[in-house]
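Residues in the sequence shown are numbered consecutively from 6, following our numbering.
Where a beta carbon is used, it is the ideal one built from N, C-alpha and C, also for glycine.
Computed from a predicted structure; not experimentally measured.
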Amino acid sequence: MDDEVRERGGSGEETLGKLYELEKQKELSLEDVALLGEMANADSGEVRSITAGILARSESALARATLVKLSHDGDALVRVNACDSLSNFTDDEIVGLLKQKVAKDTNALVRSYALIALSDILPRMDDEKEVQLRFFEGMLKKARNVRDKITCYKALYRLGKTEFLNKILEEVSGVRYQNRCFAINTLLEIANSENQVLMLKCLKEQRKKEKTVAVQSTIDRAVSELKQLIECKRG
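The following block contains the structure:
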């Protein structure tokens, strides 16, 4: 760690101020990624956590190495953000690491975010589809919470099991509002010209009876984005 970062101890206002500046940048330079690599050694868990999140915007070898390191951090929130950011990398080593996190990490949220990252990575890889299907079907059977089930539904849908779209749509009216929001945001991740109309119908129906402000806001944003996608395709 260079003298400037060491002097700040990784937890001072200057360090956080620099991180907030980097969050606002559209792109990260190699120099920025190098500085983030230094900040990953900070004493402050907050600094390391924010660092892991920002590194999602770089696909460089240094960003990858830093995120792998942070995925083993003692702070669970740091590991969560590291797993989330590792979804940029589609290679066997990262897949193996994330599968280990899903299977053995002591924190449930870390396990969930590692599974989310795998749901984004594996459908983009050239591995045999049947192998991927078996993995997510197995994870679905083991899933202990609705969020993990929705993540598996998303992955299976991306892998060609289109019937799992209905499973996600069902969760839009689920019991817990947090899961309803998660399901709605998941729909946006898999929206395409073939499913947009069905999604809009489901969201509009739920909006009529939804009482929770957070879900209402999430539905309104999703409907707006879906309508924009439809208009863009028409144009």
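**Message:** Ignoring anything shorter than 4 residues, give me the alpha helix (DSSP H) runs that lie fully in the region 111 to 142, in order along the chain.
**Reply:** 113 to 126
**Request:** Return yes when the Cβ of Val107 is within less than 9 Å of the Cβ of Leu120, no when it is not.
**Result:** For the purposes of this step, residue 120 is taken as residue 115 along the sequence shown, with counting starting at 1. For the purposes of this step, residue 107 is taken as residue 102 along the sequence shown, with counting starting at 1. Taking 9 Å as the Cβ cut-off, Leu120 and Val107 qualify as a contacting pair.
**Item:** Nearest residue (CA-CA) to Arg84, options Thr95, Arg116, Phe94 and Gly17
**Value:** The residue given as residue 84 occupies position 79 in the sequence shown. For Arg84, the nearest C-alpha among the options comes from Arg116.
**Prompt:** In chain order, what residues of the same chain have a beta carbon less than 8 Å from the beta carbon of Leu208, not counting five sequence neighbours either side?
**Reply:** Reading the sequence shown from its first residue, position 203 is the one you call residue 208. Cβ within range, chain order: Val177, Ile189, Leu192, Ile224, Ala227, Val228 and Leu231.
**Message:** Between the alpha carbons of Leu138 and Ala122, how many angstroms are there, rounded?
**Reply:** Residue mapping note: residue 138 aligns to position 133 of the sequence shown, counting from 1. Residue mapping note: residue 122 aligns to position 117 of the sequence shown, counting from 1. If you take the alpha carbons of Leu138 and Ala122, they lie about 16 Å apart.
**Message:** How far does the alpha helix (DSSP H) with Lys29 in it extend, from its first residue to its last?
**Reply:** Within the sequence shown, the letter at position 24 stands for residue 29. First-last of the alpha helix (DSSP H) with Lys29: Glu18 to Lys29.
**Message:** Am I right that Lys134 and Leu103 are in contact with their C-beta atoms under 8 Å? What's the rounded C-beta distance?
**Reply:** For the purposes of this step, residue 134 is taken as residue 129 along the sequence shown, with counting starting at 1. For the purposes of this step, residue 103 is taken as residue 98 along the sequence shown, with counting starting at 1. Their Cβ separation, rounded to whole angstroms, is 19 Å, which puts Lys134 and Leu103 out of contact at 8 Å.
**Message:** With distance defined between alpha-carbon atoms, name the residue in Phe187, Val52, Leu174 and Lys166 nearest to Asp153.
**Reply:** Here residue 153 refers to the residue found at position 148 of the sequence shown. Ranking Phe187, Val52, Leu174 and Lys166 by Cα distance to Asp153 puts Phe187 first.
**Asked** Between Gly42 and Thr71, which are expected to be in contact by the criterion C-beta below 8 Å, what is the C-beta distance as a whole number of angstroms?
**Response** As a working note, residue 42 is residue 37 in the sequence shown. As a working note, residue 71 is residue 66 in the sequence shown. Confirmed, Cβ separation roughly 5 Å.
**Message:** Which of the three DSSP states is assigned to Phe169 in this structure?
**Reply:** Along the sequence shown, one-based indexing puts residue 169 at 164. Residue state, collapsed to three classes: helix.
**Val38 classed as buried or exposed, judged by whether at least 16 other C-beta atoms fall within 10 angstroms** = Position 33 of the sequence shown, counting from 1, holds the residue named residue 38. Classification of Val38: buried, given that the 10 Å Cβ count is 16 or more.
**Request:** Assign Asp96 to buried or exposed, taking buried as 16 or more other Cβ atoms, counted over all protein chains shown, within 10 Å of its Cβ.
**Result:** Looking up residue 96 in the sequence shown gives position 91. It counts as exposed.
**Request:** Quick one: give me the first and last residue of the alpha helix (DSSP H) that Asp96 is part of.
**Result:** Here residue 96 refers to the residue found at position 91 when the sequence shown is read from its first residue. Element bounds for Asp96: n/a, residue is neither H nor E.
**Asked** Considering only residues of the region 155 to 223, which uninterrupted alpha helix (DSSP H) runs meet the minimum length of 4 residues and lie entirely inside it, listed in chain order?
**Response** As far as the region 155 to 223 is concerned, its whole alpha helix (DSSP H) runs of at least 4 residues are 169 to 176, 182 to 195 and 201 to 214.
**Request:** Just the C-alpha distance for Val220 and Met204, rounded to the nearest angstrom, thanks.
**Result:** Counted from its first residue, the sequence shown places residue 220 at position 215. Counted from its first residue, the sequence shown places residue 204 at position 199. When rounded, the distance between both Cα atoms is 15 Å.
**Asked** Mind checking whether Leu75 and Ala61 have CB atoms under 9 Å apart?
**Response** Start at 1 with the first residue of the sequence shown, and residue 75 comes out as number 70. Start at 1 with the first residue of the sequence shown, and residue 61 comes out as number 56. Not in contact: Leu75 and Ala61 (Cβ atoms no closer than 9 Å).
**Asked** Hey, would you say Ser198 sits closer than 9 Å to Ala160, going by beta carbons?
**Response** As a working note, residue 198 is residue 193 in the sequence shown. As a working note, residue 160 is residue 155 in the sequence shown. No, these two residues do not count as a Cβ contact at 9 Å.
**Asked** Quick one: what's got a C-beta closer than 7 Å to Ala45's C-beta in the same chain, skipping five residues either side?
**Response** In the sequence shown, residue 45 corresponds to position 40, counting from 1. Arg53, Thr56, Thr71, Lys74 and Leu75.
**Message:** Which residue marks the beginning of the alpha helix (DSSP H) containing Ala47, and which one marks its end?
**Reply:** For the purposes of this step, residue 47 is identified with residue 42 of the sequence shown, where counting begins at 1. Note, Ala47: premise wrong, no alpha helix (DSSP H); not H, not E.
**Message:** By the three-class DSSP mapping on this structure, what secondary structure does Gly58 have?
**Reply:** Looking up residue 58 in the sequence shown gives position 53. Note: Gly58 maps to helix in three-state DSSP.
**Message:** Less than 6 Å between C-beta atoms, sequence neighbours within five positions excluded: which residues of the same chain meet that for Phe141?
**Reply:** Here residue 141 refers to the residue found at position 136 when the sequence shown is read from its first residue. Excluding positions up to five away in sequence, the list reads Cys157, Ala160 and Leu161.
**Item:** Which of helix, strand or coil DSSP assigns to Asn86
**Value:** As a working mapping, residue 86 is identified with position 81 in the sequence shown. Helix, per DSSP.
**Request:** Closer than 6 Å by C-beta to Leu174: which residues in its own chain qualify, once you throw out the five before and the five after it? Chain order, please.
**Result:** Numbered from 1 along the sequence shown, position 169 holds the residue referred to as residue 174. Excluding its 5 nearest sequence neighbours in each direction, Leu174 has C-beta neighbours in its own chain below 6 Å: Cys207, listed in chain order.
**Request:** Pull up the distance between the alpha-carbon of Asn112 and that of Cys88, whole angstroms please.
**Result:** Locating residue 112 in the sequence shown gives position 107, where the first residue counts as 1. Locating residue 88 in the sequence shown gives position 83, where the first residue counts as 1. Their Cα atoms are separated by approximately 12 Å.
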